[in-house]
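In what follows, a single structure is set out as structure tokens and then discussed.
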Amino acid sequence: MVLSVRRALRWLVPLTLLALVIAACEVDDDVDEAIDEEDEAEEDDVDPADEPDEEEEEEDEEEPAEEDEPDDVEVADFTYEMGMFEDMDVDSYWTYLDDTDVWTAYVVSHTPCQLYALEPPNYTVTPELATEDWPEPEEDGDAWVVELDIHEGIEWSDGEPITAHDMEFTWNAVLDIPLGGQWVSFYEPEPMEAGITTDIEAVDDTTVRIEFAEEPGLGTWPMNVALAPIMPEHHWGDLVDEADDPEDFLAESGQGSPVCGAWEFAEWEEGAFAASDVNENYFLEGTQYTHYEDGTVDMVNEDLGIDGNFGEGEGEGDVLAEYTVGPYAEEVLYTLYGDASVAVSSLVEGEVPFLLTGPGIEEAAQDEIIDDEDTEAVVNPDYGMQYLGFNFEREPMNDLAFRQAVATVIDREFITDTVMGGSALPLYTFIPSGNEAWFDDETGGSFEEDWQYEDMAERLDDAVAILEEAGYSWEGEEPGFDEEAGDVVFGEGLTNPDGEVIDEVELIHPTAGYDPLRNTAGLHIADFIEQLGVEVNAEATEFGQLLEQVDAPDNLDYDMVILGWSLGNVAYPDYYHAFWNSESPVNNTAFAHDEFDEASNAFVASSSIEEAYDVLWEDMEPILQEQLPYVPLFDTPTVEGYRPDEVQFPYTEVLSGVENVLGQPSLVQPAAE
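So the sequence shown is residues -26 to -1, 1 to 647, counted in mature numbering (1 follows the signal peptide of the UniProt record, and there is no 0).
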């Protein structure tokens, strides 16, 4: 412990904190599940179905593609400090996963175990508790069963053994309390009508048996249940038994809970800092990983008896990353700054070696990092989506022609290039191109071209044509483009096919203080929609209130909304099912489409990546492109910086950035002298 640093931080003036309920987030493997907003689900790659054959390149095969492996360093008294500009929301992993936010994720995500993990930067499924690669489910009477062994002799941070009973306990806690949020998404409990998992039991201390009501597809096993968090029964068992309702249990503090990961959450001074101490019993310490271009990973840990290649390839192509798991520090310190600008200044002035940026930072802050000669700037594609969502329970949002006209009239490139100054990238598909393993360049590129226009006149003409063909008209001026004036002629009094003038619609979006990019986008998108002859009230809304209006599928209270998602599991984009299947509790638009339900059910039930890939591009994506429950708007590259004179990372090229793997606290080393 570095108590002197903590004591000094206690004297910082507590900050006024914004409520942050980002149902979104993790970034680590848990977060790998598509999580709610934005903000940052998480996170996570698999070989594409149509990946071309790699050419043999023996000379380069063992060379890292980006950064050299850090030299061996004798580490003593190394505290890894990371800056944040929002405080944690809660201090318990149970509570975090029930109602997630990214700032809490950074600190508490080291708490649980998993049978398997998505190991970055490839995000390949590799064993954690399990002793070998994930087994195929087998039919057993009316059930489908997975039975597997976990390592013997491994321990929680307090020295108590990690056993199969911990997973059985966690499963039962989800059912008995009951828990919601990502707990349900991971475990998919059939008794809660949330999936096909019927039972999880410990056959003995080192054997887990998982039963499914039907044959699980990859979306369930291994891409959900195998990644589910596992909590220590010996610490939480009595608290679960005594819980009268979920709120009582979720109010329990997580400080002092034994952890499975490398870092034990030790202290939280609200408004100032959080700190974690090294887990002396971390059983993956010393594990060697080599990530290959074909998406596979070599994993070696002699103590655990693991020496194998995991993934769908053959361990071929360039080496993307090569590292040995630490931790190399004795403490992680999360220092809270007043706002993003102060945090960035602290980075470039050398007060903190790395900065966690949550939902991102503005262009001026990005430029400050990029322009500073003592700060190493890192830019990665993000795995997120900022979108315009429609409430299908209200008119005219429930009308296909209206949604298509709105999507047509919005000039996404103008918003990202001109309004945002290039700090964001326009998004036209429901899966970002940054997920190279799943993005289809040909089909995705074709969809992108469909939404791009030479000029505003052509864009507006098409939007008007869509409305007129569906029977819309205008009480006054029809929208158009005045070539002589070089300006748009706004429509007046858009009238629906029943002859009724459409009333004012409301567009809610985050405040400028919470997210300036989405706030700005909201104002300009309202202007684009008004060109069609509809009055739009663009209402900047505090984030917590906004989520209350949007994240209650049984009581949606909005017309249109601008929000975002961190898309979670890179290795298997099952958010297509979570966001838009009519039975999903995460569906926040009331979109219901029989063909899409069938396709998304087939996607999560797919038995191979190739099969799932085809369903995504041949069925799900085309339906969404036509039906538009969302209009994908933009995504922001992850711009980060670190001080190379203080720390070094084994890799920095990773989808959604170093912060998406929690700042690499188990891999970072002090800079070589």
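For every residue, glycine included, the Cβ atom is placed at its ideal position computed from N, Cα and C.
Note that the structure is a prediction, hence the values are computed from the model and not measured.
message: Does Arg617 come out as helix, strand or coil in the three-state DSSP assignment?
response: Within the sequence shown, residue 617 is the residue found at index 643, counting from 1. Here Arg617 sits in coil by DSSP.
field: Residue nearest to Val274 in terms of C-alpha spacing, selected from Trp68, Gly260, Ala317, Leu89
entry: Here residue 274 is taken as the residue at index 300 of the sequence shown, counted from 1. For Val274, the nearest C-alpha among the options comes from Gly260.
message: Using DSSP's beta-bridge definition, name the partner residues of Gly538.
response: Position 564 of the sequence shown, counted from the start, is the residue given in the question as residue 538. Looking at the DSSP assignment, Gly538 forms a beta bridge with Gln360.
task: Under 8 Å by Cβ, that's how I've got Val293 and Asn96 pegged, so tell me the actual separation to the nearest angstrom.
output: Taking the sequence shown and counting its residues from 1, the one referred to as residue 293 is at position 319. Taking the sequence shown and counting its residues from 1, the one referred to as residue 96 is at position 122. Between Asn96 and Val293 the Cβ distance is about 11 Å, and since that is not below 8 Å, they are no contact.
message: Assess contact between the region 298 to 312 and the region 58 to 72, defined as three or more Cβ pairs (one per stretch) separated by less than 8 Å. Is contact present?
response: yes
query: Do Val118 and Leu224 have their C-beta atoms within less than 9 Å of each other?
result: Taking the sequence shown and counting its residues from 1, the one referred to as residue 118 is at position 144. Taking the sequence shown and counting its residues from 1, the one referred to as residue 224 is at position 250. At residue 118 the sequence reads Trp, which differs from the Val that was named. It is not a contact, given that the beta carbons lie outside the stated cut-off.
query: Does DSSP put Gln340 in a helix, in a strand, or in coil?
result: Counting from one through the sequence shown, the residue named residue 340 turns up at place 366. Note: Gln340 maps to helix in three-state DSSP.
task: Can you have a look at Asn529 and say buried or exposed, based on whether 16 or more other CB atoms are within 10 angstroms of its CB?
output: The residue labelled residue 529 in the question sits at position 555 within the sequence shown. Exposed is the call here.
message: Between the alpha carbons of residue 667 and Val352, how many angstroms are there, rounded?
response: Here the chain covers residues -26 to 647 and nothing more, so residue 667 does not appear.
message: I'd like to know whether the C-beta atoms of Pro111 and Pro220 end up nearer to each other than 9 Å.
response: Here the question's residue 111 lines up with position 137 in the sequence shown. Here the question's residue 220 lines up with position 246 in the sequence shown. Going by C-beta atoms, Pro111 is not nearer than 9 Å to Pro220.
query: Where does Ser215 land, buried or exposed, given buried means 16+ other C-beta within 10 angstroms?
result: Within the sequence shown, the letter at position 241 stands for residue 215. The question names Ser, yet the displayed sequence has Asp at residue 215. Asp215 should be labelled exposed.
task: May I have the straight-line CA-CA distance separating Glu304 from Gln622, to the nearest angstrom?
output: On the sequence shown, residue 304 is found 330 positions in, with the first residue counted as 1. On the sequence shown, residue 622 is found 648 positions in, with the first residue counted as 1. Between Glu304 and Gln622, the C-alpha separation is close to 16 Å.
message: Counting beta carbon pairs with one atom in the region 330 to 343 and one in the region 85 to 99, are three or more of them shorter than 8 Å?
response: no
query: According to DSSP, what are the bridge partners of Gln643?
result: As a first step, residue 643 is located in the sequence shown; it is residue number 669 there, counting from the start. Its beta-bridge partners are Gln622.
- prompt: In terms of residues, what are the limits of the alpha helix (DSSP H) holding Gly419?
  reply: For the purposes of this step, residue 419 is identified with residue 445 of the sequence shown, where counting begins at 1. That run of the alpha helix (DSSP H) goes 415 to 424.
field: From Glu296, Asp268, Pro203, Gly473, residue whose alpha carbon lies closest to that of Gln262
entry: Here residue 262 corresponds to residue number 288 of the sequence shown, with the count starting at 1. Minimum Cα distance to Gln262 is reached at Glu296.
query: DSSP state of Arg492, grouped into three classes?
result: Indexing the sequence shown from 1 puts residue 492 at position 518. Looking at Arg492 - three-state DSSP - the assignment turns out to be helix.
message: Quick check on the DSSP output: the beta strand (DSSP E) that includes Tyr604 runs from which residue to which?
response: To locate residue 604, count along the sequence shown from 1; it is residue 630. It spans 604 to 609 - the beta strand (DSSP E) in which Tyr604 sits, taken as one unbroken run.
field: Under the three-state DSSP convention, the category Met371 falls into
entry: Sequence index remark: in the sequence shown, residue 371 carries index 397 (1-based). In this structure, Met371 counts as coil in the three-state DSSP scheme.
- prompt: The alpha helix (DSSP H) with Pro101 in it runs from where to where?
  reply: For the purposes of this step, residue 101 is identified with residue 127 of the sequence shown, where counting begins at 1. No alpha helix (DSSP H) contains Pro101, which is instead part of the beta strand (DSSP E) from 98 to 101.
- prompt: Taking the continuous alpha helix (DSSP H) assigned at Asn575, which residues delimit it?
  reply: Locating residue 575 in the sequence shown gives position 601, where the first residue counts as 1. 568 to 578 is the span of the alpha helix (DSSP H), which, as asked, contains Asn575.
query: Per DSSP, what kind of secondary structure is Val148 in: helix, strand or coil?
result: Indexing the sequence shown from 1 puts residue 148 at position 174. Of the three classes helix, strand and coil, the one that applies to Val148 here is helix, per DSSP.
Between the CA atoms of Glu410 and residue 660 - distance to the nearest angstrom: Absent from the structure is residue 660, since the part of the chain shown begins at -26 and ends at 647.
field: Residue burial classification, Gly631 (beta-carbon count within 10 angstroms, cutoff 16)
entry: Within the sequence shown, numbered from 1, the residue matching residue 631 stands at position 657. Per the 10 Å Cβ criterion, buried.
query: What residues match up with Gly186 in a beta bridge as DSSP calls it?
result: On the sequence shown, position 212 is the one that residue 186 refers to. The sequence shown places Phe at residue 186, not Gly. Trp118, Thr171, per the DSSP bridge assignment.
task: For Val383, count neighbouring Cβ atoms within 10 angstroms of its own Cβ and tell me buried if that reaches 16, exposed if not.
output: Within the sequence shown, residue 383 is the residue found at index 409, counting from 1. The residue is buried, with at least 16 neighbouring Cβ atoms inside 10 Å.
- prompt: Between Gly289 and Asn283, which are expected to be in contact by the criterion C-beta below 8 Å, what is the C-beta distance as a whole number of angstroms?
  reply: Position 315 of the sequence shown holds residue 289. Position 309 of the sequence shown holds residue 283. Sure, about 5 Å apart at Cβ, within 8 Å.
Sub-9 Å separation of Leu149 and Phe364 beta-carbons: By 1-based counting over the sequence shown, the position of residue 149 is 175. By 1-based counting over the sequence shown, the position of residue 364 is 390. For Leu149 and Phe364, no; Cβs fall outside 9 Å.
message: Just to confirm before moving on: does the CB-CB distance between Pro484 and Gly445 stay below 9 Å?
response: Sequence index remark: in the sequence shown, residue 484 carries index 510 (1-based). Sequence index remark: in the sequence shown, residue 445 carries index 471 (1-based). No.
task: Identify the continuous alpha helix (DSSP H) that holds Ser320 and give its terminal residues.
output: On the sequence shown, residue 320 is found 346 positions in, with the first residue counted as 1. Per DSSP, Ser320 belongs to the alpha helix (DSSP H) from 314 to 322.
message: Which same chain residues end up closer than 7 Å to Trp145 when comparing Cβ atoms and leaving out the 5 residues on each side of it in sequence?
response: Counted from its first residue, the sequence shown places residue 145 at position 171. Around Trp145: Tyr161, Ile174.
- request: Could you tell me which residues DSSP puts in a beta bridge with Gly57?
  value: Translated into positions along the sequence shown, residue 57 becomes position 83. Gly57 pairs with Thr309, Leu329.
message: Let me check understanding here. Comparing Cα to Cα, which of Pro527, Pro203, Met594, Glu522 lies closest to residue 655?
response: The structure shown has nothing for residue 655, since the chain only spans -26 to 647.
field: Complete runs of the beta strand (DSSP E) confined to the region 440 to 507 [at least 3 residues]
entry: 454 to 456, 461 to 463, 479 to 484
task: Under 8 Å by Cβ, that's how I've got Ile204 and Pro86 pegged, so tell me the actual separation to the nearest angstrom.
output: Residue mapping note: residue 204 aligns to position 230 of the sequence shown, counting from 1. Residue mapping note: residue 86 aligns to position 112 of the sequence shown, counting from 1. Right, their Cβ atoms sit about 5 Å apart.
query: Quick one: what does DSSP say Val199 is sitting in, helix, strand or coil?
result: As a first step, residue 199 is located in the sequence shown; it is residue number 225 there, counting from the start. If DSSP states are grouped into helix, strand and coil, Val199 belongs with the helices.
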